[in-house]
Amino acid sequence: MTEVRGRARHRRRGKALVIGAPAVLTAAGVLAYGTAFGVFGTDARAGAEAGAAAPAPEAPVWARAVADGFASVDALGQKGTYGGRDGRTVTVRTLADLERYATAPEPYVIVVAGTITVNPTGKEIKVSSDKTIVGSGTSGHIVGGGFFLGQGVHNVIIRNLTIRDAYQGIWNDKEHDFDAVQMDGAHHVWIDHNDLRHMADGLIDSRKDTTYVTVSWNRLGTNNKTFGIGWTEHVTAELTIHHNWFRETEQRNPSTDNVARAHLYNNLLQDDPGTDITSSYGNYARGRTRMVLENSVFQGVNNPVVKDGTAALVQRGNVFSGTKGRNESGGTAFDPRAFYPYTLDPAAEVPALLRSGAGPRTTIGTASTPTPARTTPAAAPTVLTVAKDGSGRFTSVQKAVDAVPAGNSSRVVIRVSPGVYRETVTIPSNKPQVTIEGTGGSRKDTVLVEGHASGMTRPDGSGTYGTGGSATVAVEADDFQARNLTISNDFDEAANRNLNGHQAVALRTAADRILLDGVIVSGDQDTLLLDTAAKARLGRVYVTGSYVIGNVDFVFGRATAVIDRSVLTLKKRWDGTSAGYVTAPSTPAGRKGFLITRSTVNGDVAAGGFFLGRPWHAGGDATLSPQTTVRDSVLSAAVKRTPWTDMGGFSWKADRFAEYRNTGPGAGPAHTDRPHLSSAEAAAQDTRHWLGDWNPRTP
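Residue numbering for the sequence shown follows this note's numbering, beginning at 2 and increasing consecutively.
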């Protein structure tokens, strides 16, 4: 690829491979990585500024999953719902071990590997905060009991489990309050991909002001009082209930009483004729509930949608087949998109989606559902394996990419075993829907690395690499995804200080709908090039739960990109100085540039040395309108008090650079040289507005 820009650049210190991984990955230390995933959690912000102990082993890839819907909203001192990912992962097979870890004060990812029978029957295991309780494949069963989340318990994920069979033989049982999941005053809870059935009382009871809850992709069946919400006079609770399959359930499907915001979408309620269980009603808005009900399907349900006179219920796009009785709506509710982004599946597709995708799965995906994610199950992907030792189908990543058929119409997942793969990788434009994911326990276990720089001559003598051509990994195909790995450029700048052209890209994207989830992208100058296929073409990128490491313009290009819940790690230059620029956007006019949100900017560098960005008018193009917005993020003292600067004769003040609600020692009040967005402006500068009709999704 020819040089994409020409400008004077400073040099940097080189690096070498140490113990099988690039030295940059070990030298960056805690400020680069924090404890295992901790930098993305509630306590990470202070820790990122103050420093912490050496990184702990990371949780498995699938344990990085975070909730969508209301459980993703930052509130009550909790930054979304991510469960126990900051803690150890333990596997349990006995009731004693399950209780031991579920009730512990420390965060844990608790993997249930087998059937655990609860004794005495009906016992509800008390769960403390910061826990992920997840079934191993479809083998995790809790029989004869369930879970209880008490007042103030928060940040809990219950996932991929079957919870069943506490039923005591009395259909409308008033004596045995045996629930699968009961929550009394909890907040930030995600109940996902479970099979809940045949309990003495509720399958889910969300009581006493429990709030910021998402219930998604569950099967709920063979029960009387299925899913009750309320038991309070207060109107504060906020819940999202989507992609759940209610089958052969009589009542509370759900019943929502005094819920401030209830968002129900893409659910299937099914009452088959000729069975022992007959539905009393479907979705019920009671008291002062405000409910939005969208693109759900009701088959054979009596009184499918019921509304009290005091409640508000807005219906959109629902489908009713063989139903009878009350089907009501009225009043003004709320706009769910004002709180989080989401994607509606067509109602006609909901029955097939849920019959194939609801309930426990054989494998847990890495569904990072940051603000714009959805978890619609995709068709089973083609899987190609890569391992250096020959145990996979291929020994290099590029060989696996070469094996992907041109014009492939479904996703191909390239699973790369731990190791250091010194090679360049290109995903050509005619091979969309490719995922490259590391299979190790840490994103540092699988490393794709090369050391090319812009001014280096290509081996065939055909000229220099140029900036874009220096990339270790180049993505030119739409719908690419990368997970759980490191992409690095380890060009040794100190050893090549006389070279003309020290730009050295780790990852270049030049396509649309690119998802980078839980990766490290490491380099010095020009680490991450987020580009488009052409100036007139849109190229959207979503980076989540990741680290980007560099020093000069290390996030640059003309793409429309969101960096969310991630860490931008600042590095010293090759000569030991602390000076640089985080972003260099080259956004075309009329498009959105870079949005950094809910992230951290830090590093082992001196105070006051780094700009947040400068405007790159590539080739002197005055029609460009570069944009970077940094919002709701933690800025270390390394950030300059005047964080924006000019570039190539173009003033940053003539382009679009702003902040909003940042914190940390590098943040500062609004003034002439540090513009802040107003609340109204900030409302239009968020992930949903950036990505438009695309919502990143995982298989």
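Cβ coordinates follow ideal geometry from the N, Cα and C atoms, glycine included.
Asked, Found
"According to DSSP, residues forming a beta bridge with Tyr543", "Leu516, Val563"
"Rounded straight-line distance, which links the Cα of Arg220 to that of Val307", "22 Å"
"Cβ neighbour criterion (16 or more within 10 Å) applied to Gly524", "buried"
"In DSSP terms, what Gly331 is bridged to", "Leu314"
"Rounded C-alpha distance that separates Asp493 from Trp575", "9 Å"
"Local conformation of Leu162 per DSSP, three classes", "coil"
"Alpha carbon of Ala353 to alpha carbon of Ala359, nearest angstrom", "10 Å"
"The alpha helix (DSSP H) enclosing Thr468, as first and last residue numbers", "467 to 470"
"Beta-carbon proximity of Thr561 to Arg538, cut-off 8 Å", "no"
"Residue nearest to Glu234 in terms of C-alpha spacing, selected from Val110, Glu107, Arg289", "Arg289"
"Cross-strand partners of Thr761 (DSSP beta bridge)", "The first residue shown for the chain is 2 and the last is 700, placing residue 761 beyond what the model contains."
"Inter-residue Cα distance where the pair is Thr276 and Gly88", "45 Å"
"Limits of the alpha helix (DSSP H) - the one that Val293 falls within", "No alpha helix (DSSP H) contains Val293, which is instead part of the beta strand (DSSP E) from 291 to 295."
"Which listed residue (Asn328, Arg356, Arg327) has its alpha carbon closest to that of Asn268", "Arg356"
"Under the three-state DSSP convention, the category Phe71 falls into", "helix"
"Beta-carbon gap between Tyr213 and Val74 smaller than 8 Å", "yes"
"Pro644 beta carbon less than 8 Å from that of Phe612", "yes"
"Start-to-end residues for the beta strand (DSSP E) that takes in Arg248", "246 to 252"
"Start and end residues, beta strand (DSSP E) containing Lys127", "125 to 127"
"Coil, strand or helix - Ala45 by DSSP", "A caution first: Ala45 carries a pLDDT of 30, below 50, which makes its placement in the model unreliable, though a value can still be read off. Ala45: helix per DSSP, three-state reduction."
"Backbone secondary structure at Leu77 - three-state DSSP", "coil"
"Coil, strand or helix - Gly366 by DSSP", "With a pLDDT of 42 at Gly366, under the threshold of 50, the modelled position of that residue is not reliable, and the figure given next carries that caveat. Coil, per DSSP."
"Under 8 Å between C-beta atoms of Pro586 and Gly614", "yes"
"Rounded C-alpha distance that separates Glu239 from Lys226", "21 Å"
"Backbone CA spacing between Val520 and Val544 [nearest angstrom]", "9 Å"
"DSSP state of Pro670 mapped onto helix, strand, coil", "coil"
"Beta-carbon proximity of Ile158 to Asp193, cut-off 8 Å", "yes"
"Spatial distance of Gln169 from Val417 (CA atoms)", "49 Å"
"Per DSSP, cross-strand counterpart(s) of Met648", "Phe651"
"Simplified DSSP assignment, three categories, for Asp576", "coil"
"Length of the line joining the Cα atoms of Phe395 and Gly153", "50 Å"
"Beta strand (DSSP E) segment containing Trp617, residue limits", "Careful: Trp617 lies outside any beta strand (DSSP E) and carries neither H nor E."
"Alpha carbon of Phe71 to alpha carbon of Gly462, nearest angstrom", "56 Å"
"Selection from Asn409, Ser443, Val606 that minimises the alpha carbon distance to Pro419", "Ser443"
"Bridge-paired residues (DSSP) for His677", "Glu660"
"Rounded separation between Gly558 and Ala495 - CA only", "25 Å"
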